[in-house]
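Engineer:
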Amino acid sequence: MPALTKKITLSDLRQARTSGEKIAMLTCYDFTTARLMQEAGVPALLVGDSAANVILGHDTTLPISLSFISELAGAVRRGAPNCFVIGDMPFGSYQGSIGRGVKNACKLVKYSGVDCVKLEVARSQLPLVRELADAGVAVMAHLGLRPQAVGILGGYRFQGRTADEAGEILRLAIEMQEAGAAAILLEAVPPEVGQAVVDQTTLPVIGCGAGPACHGSVVVTHDILNLSARRPRFADMVEDVATPLKRGVSEYVRRLKAGEYPAAAHQYEMPAEEKTEFISRLKSIEF
Ligand code: KIV
1 MPALTKKITL SDLRQARTSG EKIAMLTCYD FTTARLMQEA GVPALLVGDS AANVILGHDT
61 TLPISLSFIS ELAGAVRRGA PNCFVIGDMP FGSYQGSIGR GVKNACKLVK YSGVDCVKLE
121 VARSQLPLVR ELADAGVAVM AHLGLRPQAV GILGGYRFQG RTADEAGEIL RLAIEMQEAG
181 AAAILLEAVP PEVGQAVVDQ TTLPVIGCGA GPACHGSVVV THDILNLSAR RPRFADMVED
241 VATPLKRGVS EYVRRLKAGE YPAAAHQYEM PAEEKTEFIS RLKSIEF
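The sequence shown begins at 1 in our numbering and counts up by one.
Okay, here's the thing in structure tokens:
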């Protein structure tokens, strides 16, 4: 894919509904990877709370803080100025009161410069989504499997298993659109649910294990590059980056131990007369 030379906006995401061109979205948590992703032509980057797992090593996404996500999102923004960057609102940063949710979402937008914020939504978040939309903040409403709700879900099971559950996800997607959400993210639901949300809303729908009808797809980058310990069934491993990475660092260790590194090419040269003077001072201990 060619590098992105023009800024991707929400209009580009909306256009995917009519053009049929799929929106590729990947998680990203740092400046360097963001720069490479922009060069590789990835239009949309999600600074997900999955950073709690793949960056911080937690079992769930719950412990990550807003300030940590903001730092990461700022780095991604600087690395990929042309990508559409979405910042994830962490667990506890938008619950409790609308005012608190608005304040924290605006903080994330202001501090890190993200184009959009993502919230894992239940019906009780409708007024918050409305308030954010009125404030001019683009909101991606995350439905289906909501990893931040692991406490009541009792595990990371796919959602929309029954007609009732599937209907409830669809209803909520429609209500989120009515409240002013700019896009929908649907995680771990059967393809029929993905198709129904695409058919019955007018928003761009990004799937994360939600079937082929979605206008785009997002996965955790570590999962498709063989960098995660566990991979969900919907993540396709496209490249093994772990093996060359381990080979590279092992080679560094080997060269150091073998005395091959540092070599002359890696050293700094003093001017000849300074070197001579320094060595003679070392002999006479004149400092
Ligand atoms: O945090 C994240 O990475 C996500 C995606 C898996 C959708 O929410």
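Glycine included, each C-beta is placed from N, C-alpha and C at the ideal position.
Beta carbon of A80, beta carbon of Y94: below 8 angstroms?
Structural biologist: Within the sequence shown, numbered from 1, the residue matching residue 80 stands at position 80. Within the sequence shown, numbered from 1, the residue matching residue 94 stands at position 94. No, these two residues do not count as a Cβ contact at 8 angstroms.
Engineer: Quick check on the DSSP output: the alpha helix (DSSP H) that includes A135 runs from which residue to which?
Structural biologist: Numbered from its first residue, the sequence shown carries residue 135 at position 135. Counting along the chain, the alpha helix (DSSP H) containing A135 begins and ends at 126 to 135.
Engineer: Return helix, strand or coil for Q22, following the three-state DSSP convention.
Structural biologist: The residue given as residue 22 occupies position 22 in the sequence shown. Strictly speaking, residue 22 in this sequence is Lys, with Gln absent from that position. Here K22 sits in coil by DSSP.
Engineer: Rounding to the nearest angstrom, what Cα-Cα distance links D49 and V139 in this structure?
Structural biologist: Residue 49 sits at position 49 when you count from the first residue of the sequence shown. Residue 139 sits at position 139 when you count from the first residue of the sequence shown. About 16 angstroms.
Engineer: Hey, A135 and V102: beta-carbon distance below 8 angstroms or not?
Structural biologist: Indexing the sequence shown from 1 puts residue 135 at position 135. Indexing the sequence shown from 1 puts residue 102 at position 102. Cβ distance < 8 angstroms, so A135 and V102 count as in contact.
Engineer: For the alpha helix (DSSP H) holding F278, just list the boundary residues, first then last.
Structural biologist: Taking the first residue of the sequence shown as position 1, residue 278 is located at position 278. Run containing F278: 272 to 284, per the alpha helix (DSSP H) assignment.
Engineer: Please state whether DSSP places K257 in a helix, a strand or coil.
Structural biologist: To locate residue 257, count along the sequence shown from 1; it is residue 257. If DSSP states are grouped into helix, strand and coil, K257 belongs with the helices.
Engineer: Given 7 angstroms as the limit, tell me if H142 has its C-beta closer than that to any heavy atom belonging to ligand 1.
Structural biologist: Numbered from 1 along the sequence shown, position 142 holds the residue referred to as residue 142. Checking the Cβ of H142 against ligand 1 gives yes.
Engineer: Can you tell me whether S228 is helix, strand or coil according to DSSP?
Structural biologist: Along the sequence shown, one-based indexing puts residue 228 at 228. DSSP places S228 in coil when its eight states are reduced to three.
Engineer: Just confirm the distance between the C-beta atoms of C208 and A188, as a whole number of angstroms; I'd bet it's less than 8 angstroms.
Structural biologist: The residue you call residue 208 lines up with position 208 of the sequence shown. The residue you call residue 188 lines up with position 188 of the sequence shown. Under the criterion of beta carbons closer than 8 angstroms, C208 and A188 qualify as touching, at roughly 7 angstroms.
Engineer: Spell out the partners DSSP gives H142 in its beta bridges.
Structural biologist: Here residue 142 corresponds to residue number 142 of the sequence shown, with the count starting at 1. Per DSSP, E120, L185.
Engineer: When the Cβ atoms of the segment 28 to 44 are set against those of the segment 63 to 83, are three or more pairs found closer than 8 angstroms?
Structural biologist: yes
Engineer: Just to check my reading of the structure: V54 and V197 have Cβ atoms closer than 8 angstroms, yes? What is that Cβ distance to the nearest angstrom?
Structural biologist: Counted from its first residue, the sequence shown places residue 54 at position 54. Counted from its first residue, the sequence shown places residue 197 at position 197. With a Cβ gap of about 27 angstroms, V54 and V197 do not count as contacting.
Engineer: Cβ of G180 within 7 angstroms of any heavy atom in ligand 1?
Structural biologist: The residue given as residue 180 occupies position 180 in the sequence shown. No, since every heavy atom of ligand 1 falls outside the 7 angstroms radius drawn around the Cβ of G180.
Engineer: Does DSSP put L4 in a helix, a strand or coil?
Structural biologist: As a first step, residue 4 is located in the sequence shown; it is residue number 4 there, counting from the start. Of the three classes helix, strand and coil, the one that applies to L4 here is coil, per DSSP.
Engineer: Going by alpha carbons, who is nearest to R146 out of T276, E120, P127?
Structural biologist: Within the sequence shown, residue 146 is the residue found at index 146, counting from 1. Closest option to R146, Cα to Cα, is E120.
Engineer: Mapping the DSSP letters down to three states, classify A242 as helix, strand or coil.
Structural biologist: For the purposes of this step, residue 242 is identified with residue 242 of the sequence shown, where counting begins at 1. A242 sits in a helix when the DSSP states are folded into three classes.
Engineer: Which partner residues of I86 appear in the DSSP bridge assignment?
Structural biologist: To locate residue 86, count along the sequence shown from 1; it is residue 86. As DSSP reads the structure, I86 sits in a beta bridge with L46, C116.
Engineer: Measure from the alpha carbon of Y111 to the alpha carbon of each residue in H142, A149, L66, then state which is nearest.
Structural biologist: For this step, residue 111 is matched to residue 111 along the sequence shown. Y111 has its Cα closest to that of L66, out of H142, A149, L66.
Engineer: Look up S217 in the DSSP assignment and say whether it is helix, strand or coil.
Structural biologist: Against the sequence shown, residue 217 aligns to sequence position 217. The answer is strand: DSSP assigns S217 an E or B state.
Engineer: Please identify the residue among K6, L13, G154 whose C-alpha is closest to the C-alpha of G216.
Structural biologist: Taking the sequence shown and counting its residues from 1, the one referred to as residue 216 is at position 216. Ranking K6, L13, G154 by Cα distance to G216 puts L13 first.
Engineer: Measure the C-alpha to C-alpha separation of V218 and V249 and round it to an integer number of angstroms.
Structural biologist: Here residue 218 refers to the residue found at position 218 of the sequence shown. Here residue 249 refers to the residue found at position 249 of the sequence shown. If I take the Cα positions, the gap works out to 29 angstroms.
Engineer: Check this for me: beta carbons of I8 and A34, under 8 angstroms apart or not?
Structural biologist: Counting from 1 along the sequence shown, the entry for residue 8 is found at position 8. Counting from 1 along the sequence shown, the entry for residue 34 is found at position 34. It is not a contact, given that the beta carbons lie outside the stated cut-off.
Engineer: State the DSSP-derived secondary structure class of T32, mapped to helix, strand or coil.
Structural biologist: Residue numbering aside, residue 32 sits at position 32 when the sequence shown is read from its first letter. T32 falls in the helix class under three-state DSSP.
Engineer: Using the Cα positions of Y24 and T243, report the straight-line distance between them to the nearest angstrom.
Structural biologist: As a first step, residue 24 must be located in the sequence shown, where it is residue number 24. As a first step, residue 243 must be located in the sequence shown, where it is residue number 243. In the sequence under discussion, the amino acid at residue 24 is Ala, which differs from the Tyr named in the question. Computed Cα separation, rounded: 25 angstroms.
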